[in-house]
Every structure is written in structure tokens, then in C-alpha cells.
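So the sequence shown is residues 231 to 558, counted in this note's numbering.
Heads up, the thing below is written out as C-alpha cells.
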Amino acid sequence: MCCNENFEERNKGEKIQTSLDLSEISGMKFFDPHVHMTSRTTDDYQAMADAGIVALIEPAFWLGQPRTQLGSFTDYYSSLIGWERFRSSQFGIKHYCTIGLNSREANNEQLAEQVMEILPQFIFKEGVVGIGEIGFDDQTAAEEKYYRLQLDLAKEAGLPVQIHTPHRDKKKGTQRSMDIAIEQGLDPYMVIVDHNNEETVKEVLDRGFWAAFTIYPFTKMGNERMVEVLKQYGSERIMINSAADWGISDPLAIPKTAALMKRSGISLQDIELVTYRNAITAFAQSGQIDENDFLRVKNIDQSQKFASNSILRGGQQPRIDKNSIIIS
């Protein structure tokens, strides 16, 4: 009964919405530093490109059910630096990724040991801009063990770290994540602490880390709350992302939030920092990001192929008219 009540209450809130109009941010460019495009369709890529997203970072993450063997990790990491990068390029979006063993699957220690052996084969590949997303889920001893090992790997490789902060007991998990990063000798400026909220942001910024916020319906941050955070803390070392994945999520979270920020009186300079520039500054420490790669996109040929496959299926045309009710 309680679950139904929560669902009904949530739906009441959904009825009070403003209409979607991104015309006021037309011409702006955006960088989404955390979005799981493996879980999204080409329609999402098209919508993102149309809304001004020019580049993104896809962190390695949990797929919804546990992997059972090393080969599934190998194939997944390979897809992030292969097919998914190609698929993104077919819509003029530059695709980067972070590679790591996610916190949930760190609890399978036998498999985790094998994954740690192969990580060095991937983290030095082109387009890999950090180790991530790593950190805590249930805050177990095994999670801490592999978090520390991956921090050491990042330090050795000179790569930024993208930290997943836990959904449960977030404040404690965030503090612990930062404490351990410092214990392992990382410079806080090389560490992006993700999934922040009002409870964690002050300490993250005060300690010199990057504070990333995920605009994700119901479970993380709404963009009205994000506007208030920005008004209180400013734009220094703050970035926003969508973390869009296989759940109820929105790959247009950044442009939508930019529009709301503009309506709320946030300066264009601050909007540009939190929706574009800060992410580039943080992850460019990897030496892998050149802004010219996504500011000077040439004509795109969507008939191109990767491993004998293209994004066009069965003779499809490159673009679809989304305004037509007819699907032909």
C-alpha cells in the first residue's frame, strides 16, 4: 500500500510541469560528463545533438545484473572504446569514457581480482579520460579494497578519478571516499566526486575536490534544487550530468537544466562553467581531451561502418522526422 501511495504522490507532482522549450539556449554547447549511452538508443543521440550536446563521458558501470565471468567485462570495456564511440560519432558527439570496476561487483572478490588484472589493458587506450566510476555502494570491506587499488592505479597512470557516492548513507560514504583518496596520495583536484546533494557539497568543495551533480528524476537531484545549489555555492569546481542509463532518466538533463538556470537568473558564464567548461577542465587532466575535436565536426556520413555494422538498419535514411505521426 505504501508503495502505491508513493507512486500516486509522485505522479501528482508530475502533473505540474512547464512545457519543454529549449529555444532560449539555442546555440549553447554542452558536455555531459556522466551518461551511460550503452543503455540508450540512437534516438537519444540525435536528440542530444539537436539540443547542443557536443561531447560526453561514459563511465563503466553496473549493467543491472551481476556479470558472471571475466569475458563479459572485457567485451564491455571494449565496446566503450569501440562501437559506442563510433555510434556517438555518427551524430557528431565526441565520446570519451572512464574505465573501472564498479562498487557493486567489487564484492565478488574472485571475479574482481581477475578484472584488476585486465584494467591496465584498457585505461591507456585512446579516449579513456579517467578511472571510474568507482567507490562505494554498501560500503563493504571488499569495496574499500578495490577502491583503494583503483586509486593507486589512477595515481600511477596520472588519470583523474570519477567517484560514485553511495545512495544509502551518502554523507558518510562521501566523506569516507574523500578520506581514502587523500590517504592514497591523490590530489583532490584530480578527483571528481559524483552524485552530490545539498548534504555533501560544502565539504566536497571545501576539501578541494570537484563536485558533480546528477540531474536524475526522483532518486538524485532535481534541476530546481540544482539552481538553488548554484546560487548558494557558485560555479567553481561544480559540474552537472545526466547519468542517463537503463532506468527512468533523461539524456537531455543538462540542456533542460541550462534553460531553467537561465530563466532563474543564473549568468551565462556560470551556466557555461557547470554545463561545459568545468567538465573539460577536470577530465582534460588525462591528456585525452582536445576541444577542437568536438568544436570542428566535419560532415557526418552515417553510412560508415564499424566492424561491418552501421547505425542504419535495413536501408534506413540517416534522419527521421520526429514531428511526423507517420513512421515509414
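We treat Cβ as the ideally placed atom computed from N, Cα and C, and that holds for glycine.
Separation of residue j from residue i, as counted between CA atoms
{"i": "G357", "j": "V345", "result": "20 Å"}
{"i": "G365", "j": "P418", "result": "15 Å"}
{"i": "S465", "j": "Q299", "result": "42 Å"}
{"i": "D251", "j": "F316", "result": "30 Å"}
{"i": "I283", "j": "R493", "result": "20 Å"}
{"i": "N236", "j": "N522", "result": "Summary for N236: the model assigns pLDDT 41, below 50, so the residue's position carries little reliability, and this model does not support an answer."}
{"i": "F443", "j": "Y463", "result": "13 Å"}
{"i": "S540", "j": "I530", "result": "13 Å"}
{"i": "E374", "j": "N426", "result": "19 Å"}
{"i": "I501", "j": "Q340", "result": "45 Å"}
{"i": "I311", "j": "A285", "result": "14 Å"}
{"i": "R297", "j": "I348", "result": "15 Å"}
{"i": "E433", "j": "K402", "result": "11 Å"}
{"i": "A279", "j": "S472", "result": "14 Å"}
{"i": "V421", "j": "G452", "result": "23 Å"}
{"i": "L416", "j": "F261", "result": "25 Å"}
{"i": "F513", "j": "D305", "result": "24 Å"}
Start and end residues, alpha helix (DSSP H) containing residue i
{"i": "W313", "result": "W313 to S319"}
{"i": "I510", "result": "N508 to F513"}
{"i": "Q392", "result": "Segment V391 to H394 is the beta strand (DSSP E) holding Q392; no alpha helix (DSSP H) there."}
{"i": "T444", "result": "Not the alpha helix (DSSP H): T444 falls in the beta strand (DSSP E), residues W440 to T444."}
{"i": "M346", "result": "E339 to F352"}
{"i": "M491", "result": "A483 to R493"}
{"i": "N522", "result": "N522 to L525"}
{"i": "E373", "result": "A371 to A387"}
Selection from the options that minimises the alpha carbon distance to residue i
{"i": "E363", "options": "T505, Y376, T271 and W313", "result": "Y376"}
{"i": "P263", "options": "R526, T511, T430 and I348", "result": "T511"}
{"i": "Q380", "options": "D368, I353, T404 and K400", "result": "I353"}
{"i": "A277", "options": "Q320, Y306, I468 and Y446", "result": "Q320"}
{"i": "D399", "options": "E458, D367 and Q295", "result": "D367"}
{"i": "L503", "options": "D475, G495, Q532 and R467", "result": "R467"}
Opening and closing residue of the beta strand (DSSP E) in which residue i lies
{"i": "K400", "result": "Not the beta strand (DSSP E): K400 falls in the alpha helix (DSSP H), residues K400 to E413."}
{"i": "M456", "result": "Careful: M456 lies outside any beta strand (DSSP E), inside the alpha helix (DSSP H) at N453 to Y463."}
{"i": "D424", "result": "V421 to D424"}
{"i": "E356", "result": "First-last for E356: undefined, no H or E at that position."}
Inspect the CB distances between the stretch 247-261 and the stretch 420-440 and report whether three or more fall short of 8 Å. no
For a minimum of 3 consecutive residues, which ranges assigned as the beta strand (DSSP E) are wholly contained in the stretch 270-337? 283-289 and 324-329
Decide yes or no for the touch test of the stretch 313-331 against the stretch 282-293: beta carbon pairs closer than 8 Å, at least 3 of them. yes
Looking at C-beta atoms only, is the number of pairs between the stretch 263-270 and the stretch 335-352 that lie closer than 8 Å three or more? no
Any 3 or more C-beta pairs closer than 8 Å across the stretch 471-481 and the stretch 402-409: no
Do the stretch 388-405 and the stretch 512-527 touch if we need at least three Cβ pairs shorter than 8 Å? yes
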